[in-house]
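Visitor: I am attaching a structure below and will ask some questions about it afterwards.
Number of protein chains: 2
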Amino acid sequence: MESYEQRLKNIVNHLQPTNNGGIEMVDCSADLEVNTISSNSSIPKWNKQELSQYLESAPEHIRVAKKNLLELLKDPIFAPKYNMNVQEWRELTLQRAIKVIKAGAISLAEFNRDPMKYLVSLEMLNLCDPSLSVKLGVHFSLFGNAVLNLGTEKHHLKYIKDIDSWKLPGCFGMTELGHGSNVQGVETTATYDKNTEEFIINTPSDSAQKFWIGNAALHGQACSVFAQLYIDNVHYGVHVFVVPIRNPDGTIAQNVRIMDNGHKLGLQGVDNGRIWFDNKRIPRDNLLNKFGDVQKDGTYVSSIQSKGKRFGAMVAPLVGGRVLISTSALNVSKMALMIATRYAYSRRQFGSKGNEIRIIEYLTHQRRLFPMIASSVAFTFSVEKLKRLYCEPNKNSQNVKDVHIWSSGLKAVVSWMKTNILQLCRECCGGQGFSSFNQIALFKSDLEIDMTYEGDNHVLLQQVSRNLLVELQKGRYTLTSANHDSNIHSYDFQIQSLKWRESNLVQTLSSRIMAQLDQGRSLEQGWNTCLDVVTQLGKAFVDRITLEEFQAGIKNAPSSTKPVLELCRNLFFSWKVNEDLGYFLCHDGIATQTAQKVQDSINILCAEMLPIGLDLVNSFNVPEQFIHAPIAQSDYIQEFRYGLNRNY
Amino acid sequence: MESYEQRLKNIVNHLQPTNNGGIEMVDCSADLEVNTISSNSSIPKWNKQELSQYLESAPEHIRVAKKNLLELLKDPIFAPKYNMNVQEWRELTLQRAIKVIKAGAISLAEFNRDPMKYLVSLEMLNLCDPSLSVKLGVHFSLFGNAVLNLGTEKHHLKYIKDIDSWKLPGCFGMTELGHGSNVQGVETTATYDKNTEEFIINTPSDSAQKFWIGNAALHGQACSVFAQLYIDNVHYGVHVFVVPIRNPDGTIAQNVRIMDNGHKLGLQGVDNGRIWFDNKRIPRDNLLNKFGDVQKDGTYVSSIQSKGKRFGAMVAPLVGGRVLISTSALNVSKMALMIATRYAYSRRQFGSKGNEIRIIEYLTHQRRLFPMIASSVAFTFSVEKLKRLYCEPNKNSQNVKDVHIWSSGLKAVVSWMKTNILQLCRECCGGQGFSSFNQIALFKSDLEIDMTYEGDNHVLLQQVSRNLLVELQKGRYTLTSANHDSNIHSYDFQIQSLKWRESNLVQTLSSRIMAQLDQGRSLEQGWNTCLDVVTQLGKAFVDRITLEEFQAGIKNAPSSTKPVLELCRNLFFSWKVNEDLGYFLCHDGIATQTAQKVQDSINILCAEMLPIGLDLVNSFNVPEQFIHAPIAQSDYIQEFRYGLNRNY
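Given below as structure tokens:
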């Protein structure tokens, strides 16, 4: 089969003879004259393969593993299929999950040995089918991870093999109907009975039912249950227990009740369910006891004295989920941009008959797609850095904190960016964006939840800002003043501007809270009145680290790719500042004339990108095999010819 | 059954004894202390029924018709049902449509006699099931409307009865695969054959296939086809023809081929299809000949000389669709806000055990919901005005133009606002927002398309701006200077600010285009380089007319409701200006100190709204019977008790 570029070149040659010997993949010169902004990009050609590999930045052994997984995902069972009811979705997802597991493509052992490889595998599964990656993610990254990192050797010996073979499908029993973000407030109890050496797991009220538990409605047999530990009426805080919820034959275990969460906006293939425990007795050994244990006689022992720190250890497994959401959201953003951009360079509308204008030539289209393409490139570097931080084998406490802060911030900002990008791409594709076959719509539904699960975005940004505030108060935060230069395309100007904004916000936050404390209010009360600044600050931090990582990435990039990466950096910066221009101007973070220059730069940078935008998205590190969308093919009209059925 | 308020009051009393005799529907006083912003709203109580009726503003006979329709919609066939494949969705939607038609609740005759009543009926059907309203809308508002307003008496006699009985289900064959926004570019041809006195309808290429045609995949028997008319090789532009596409027995008509558009993001109940015509012959009488006719001998006659104006007449039926989208989007926005706000006032998270904080008390929650509540109230008045303009029986050319401009602008801005509101509400409800049972998610999917169909929003805003530019150039546009006062809560300040922005933008647009013309470019080329300003200007116009209509509405409002309406106006204004603060500051439309005041006002106005936000959404004019969402009930925990099945 011809490559995408070859086919596109052929059809373009057919539609409109090029006048430069066919060097340009798409020759827009005839149409570009309509756009009075300069059509000649100053950006020289780059090697697409080289840029794609650089954006991926994975070591060789991971590339090999990825290639093998991609081969597996060519099996017909993974072909797109949409027209199903909930039962059919779940069954297909189960069969897909089993196929992946049986092929040994993903496992808890792997997760432990080579987290980067595990992460990349889940990323690929997510591009193939988000229900599949979530179902496997619940089983391995949440349930399995809890066993691995909250349990001890006895649990590893007992469970890991069965987890890796899917003999023991698992659930992660954290969220309750009444408690989502506030995990410390879960109501489920685990009361130790020293006579029988058992824990009694109980759901004291309907608000304590475990809610939204993936794999619970149908397939899960064990559940890592978060519950308040009581021994002799003394409360020891939240601990995690392995509780059987189904028997090996699939029937529901004694003293357990399960209901179905039912139909959802997306992720129909994941069987989310609700669980009640009726004084369900489990052996003492089922406590995952790495950070806190109960001896036979009921004596509580823990290496961590602080209840708060112990709780922190219990929820640490969630960090991996946030890393995965960041990277998956970024991948899906890129894929949607590839689809919408290809369509925008081939779809024509209005203009002279027989020579209608490509829709990418409309400024409204450029201003929607190009800043998002630039942003996707920018976030590639901060997200890759996060992945590396997360996968580092021997983390010190600073590393652990960095991973927490970076994963919280990036998960929030990138998942929102992804939602925005999917929305813009959907609209840029018009009715085609509404068709399931063009993929954007379904990613929109499936990935919608990522802004509120594994930590609500607003709550996560509080983690980021709280940390910055502490740094400031401990004198460890370096304040940056505003830069009143006007060289908006210089990195020094750009980074100083973003650092100034962050500095200014953290100082505002600090002084507003101080004022509240002076009025006799508690820190918590003061904090609540500042949540607008808290959110702004969290986002500002993420923008700043992203620009820094982007610049570091440009420094190390293959030289042919530097000009296009710099163009992306400039557009990313201008777009971000323009979005927040009121703040910059109100607080004298930028001169009015410079602000005007930033605004004006967007159209100019878009014009720079116009001749190369298609090449750029085709340099993205997203495997072509996942792009089924008819509008992303070289000749979308042909994809809709009579008789070509697409009834899946 | 107890009313919602009564049940809420009971449960609130149960949860937490009120200390003021239960006058407040929800007594937040205990919790409000946590929020250090003043918890005492200066807004006095209003009569909810009175506000609700005022927001509805329908005359008595329409209220009666609406009440009857609401009774009909209590039939079990209209009960929510989600877990279906495409085939089941379509069958259910068909049966619902037939039920509505058989009850005489909607008809083309009605549409002709009392468009306001027709409009309100479709609004209610949309709240019940968007697939249902779209399926009926295609049949009546598009196909039927074409017959009514593009056809003449012979067509009315022949078709209207069968349209009203669903004996002749209709499609609207305008969009083609290759041509959406550019209707004048459709490729389908209608060639007159004077020998047989027939038109030959033909699809010359795959890009000319009729695409996204509602009712085409399964049920449509006739289609109003937009095609280029040719007589003796002379081209007469786009005309509309009634073409049979299925026989009465449901088989596909000769020389017609149909395929299915398949699975979509939403509106699964609408059977969108694709149609090809293979030199399909239809009688001469099938031309809808009100604005252009072909005599037996092939002589073309038309009362409208200009091809452009004739085309305008042909696409005039689309205006009604834009009015309906505006009003439906607004209704759905309100419904989503009702659901999310009720949940926000009952859901608790964090804070001291047993007395956790209601999530509405978090500033991040208030800043997402309250400005949108205020905006929904604001747009009620401009959308109601549009409805009245549209339904006016004897319109002069100025009226027709106003309806065109207002419907274009409001359709774009309100559908975007709705998308934003659904997104915010989804996120504010966390995981619950992802459940189909809570309705927000499904409205998100079903109404997603409204930003790009019946006129792409960006294209529609061009209509608005083009008109303003013409007004300016003809000297009919009154320019407004900036107001450098700082009384941000005075209407005079507010309207002058919005008028200034509009003025400034229209002048910028004009001068930028002039500069392009001076450089020898065509008007079209110049226009394309200014599409960023064009979009901004279109939105600025809609904000301005909305503020004006809102103020007129406040003037006429029942006096008890004025304070809360004024609060909404102030918040609407501050929010809108804050969103665009960079523009105001860059162009000296507001003093820096005033800008700061606008920013600060948002938290203050949110604090004002906190004690009354729940009352306010409960005063919205959305029938309670459509709100099934468990989280919108008085005790959402109870709605999820064990054993209460929700398996639809």
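First to last, the sequence lines map onto chains A and B. Quick note on the numbering used here: the first sequence kicks off at 1 and runs consecutively. Quick note on the numbering used here: the second sequence kicks off at 1001 and runs consecutively. Just so you know, even glycine gets a beta-carbon here, dropped at the ideal spot from N, CA and C.
(1) Would you give the residue range spanned by the beta strand (DSSP E) that residue 1193/B belongs to?
(2) Would you report the Cα separation of residue 1097/B and residue 1202/B, rounded to the nearest angstrom?
(3) Just to confirm before moving on: does the CB-CB distance between residue 1200/B and residue 1222/B stay below 8 angstroms?
(4) Could you tell me which of 1303/B, 1282/B and 1298/B sits nearest to residue 1291/B, measuring between CA atoms?
(5) List, in order along the chain, the chain A residues whose C-beta lies closer than 9 angstroms to that of residue 1509/B?
(6) Does residue 1581/B get closer than 8 angstroms to chain A when you measure Cβ to Cβ?
(7) Could you compute how far the alpha carbon of residue 1405/B sits from the alpha carbon of residue 1467/B?
(8) What is the DSSP secondary structure of residue 384/A, reduced to helix, strand or coil?
(9) Tell me whether residue 350/A sits in a helix, a strand or coil according to DSSP, three-state version.
(10) Hey, residue 1215/B and residue 1170/B are a contact pair by Cβ (cut 8 angstroms); roughly how many whole angstroms apart?
(11) Judging by CA-CA distance, which residue of 63/A, 593/A, 365/A and 259/A is the nearest neighbour of residue 623/A?
(12) Below 8 angstroms on C-beta distance, what does residue 86/A contact in chain B?
(13) By the criterion of Cβ-Cβ separation under 8 angstroms, what are the contact partners of residue 641/A in chain B?
(14) Closer than 6 angstroms by C-beta to residue 1327/B: which residues in its own chain qualify, once you throw out the five before and the five after it? Chain order, please.
(15) Note the first and the last residue of the continuous alpha helix (DSSP H) segment covering residue 1637/B.
(16) Residue 1372/B: which of 1332/B, 1109/B, 1198/B and 1460/B sits nearest, CA to CA?
(17) Is residue 197/A helix, strand or coil by DSSP?
(18) Just the C-alpha distance for residue 1254/B and residue 1182/B, rounded to the nearest angstrom, thanks.
(19) Give the residues of chain A in contact with residue 1434/B, contact being defined as C-beta atoms less than 9 angstroms apart.
(20) With H, G and I counted as helix, E and B as strand and the rest as coil, what does DSSP make of residue 1589/B?
(21) Let me know the secondary structure DSSP gives residue 453/A once reduced to three states.
(22) Identify every residue that forms a DSSP beta bridge with residue 230/A.
(23) Taking 8 angstroms as the CB-CB limit, is residue 177/A close to chain B?
(24) Is there at least one Cβ from chain D nearer than 8 angstroms to residue 66/A's Cβ?
(25) If you drop the 5 nearest sequence neighbours on each side, which residues of the same chain put their C-beta closer than 6 angstroms to that of residue 639/A?
(26) Quick check on the burial criterion: 16 or more other C-beta atoms within 10 angstroms. Buried or exposed for residue 1269/B?
(27) Report the CB separation of residue 219/A from residue 285/A in whole angstroms; it is logged as a contact under 8 angstroms.
(28) Compare the Cα-Cα distances from residue 569/A to each of 506/A, 374/A, 599/A and 446/A and report the closest residue.
(29) Which bits of chain B does residue 427/A rub up against, with CB to CB less than 7 angstroms?
(30) For the region 1454 to 1488 of chain B, enumerate the residues whose C-beta is nearer than 8 angstroms to any C-beta of chain A, in chain order.
(31) List the DSSP bridge partners of residue 1140/B.
(32) Is the CB of residue 1586/B under 8 angstroms away from at least one CB in chain A?
(33) List the residues of chain B that residue 372/A touches, going by C-beta distances under 8 angstroms, in chain order.
(34) Can you name the residues that DSSP bridges to residue 242/A?
(35) Are residue 1224/B and residue 1173/B touching if we call contact CB-CB under 8 angstroms?
(36) Which complete alpha helix (DSSP H) runs does the region 413 to 472 of chain A hold, if anything under 4 residues is left out?
Guide: Per the coordinate set shown:
(1) 1189 to 1193
(2) 31 angstroms
(3) no
(4) 1303/B
(5) None at all; the shortest Cβ gap to chain A is about 13 angstroms.
(6) yes
(7) In a straight line, the C-alpha of residue 1405/B is about 8 angstroms away from that of residue 1467/B.
(8) Helix at residue 384/A.
(9) It is a strand residue.
(10) Confirmed, Cβ separation roughly 7 angstroms.
(11) 63/A
(12) 1083
(13) 1206
(14) 1123 and 1383
(15) 1636 to 1639
(16) 1332/B
(17) coil
(18) 29 angstroms
(19) 212, 264, 265, 266, 267, 448, 449, 452 and 453
(20) coil
(21) Looking at residue 453/A - three-state DSSP - the assignment turns out to be coil, as it is neither helix nor strand.
(22) 191/A and 235/A
(23) yes
(24) Checking the listed chains, one finds no chain D in this structure; the protein chains it contains are A and B.
(25) 630 and 633
(26) When all chains shown are included, residue 1269/B counts as buried.
(27) About 24 angstroms; that fails the 8 angstroms criterion.
(28) For residue 569/A, the nearest C-alpha among the options comes from 374/A.
(29) 1451 and 1452
(30) 1456, 1457 and 1458
(31) Looking at the DSSP assignment, residue 1140/B forms no beta bridge with any residue, so it has no partner.
(32) yes
(33) Per Cβ cutoff of 8 angstroms: no residues; residue 372/A is ~16 angstroms from chain B at best.
(34) 224/A
(35) yes
(36) 440 to 446
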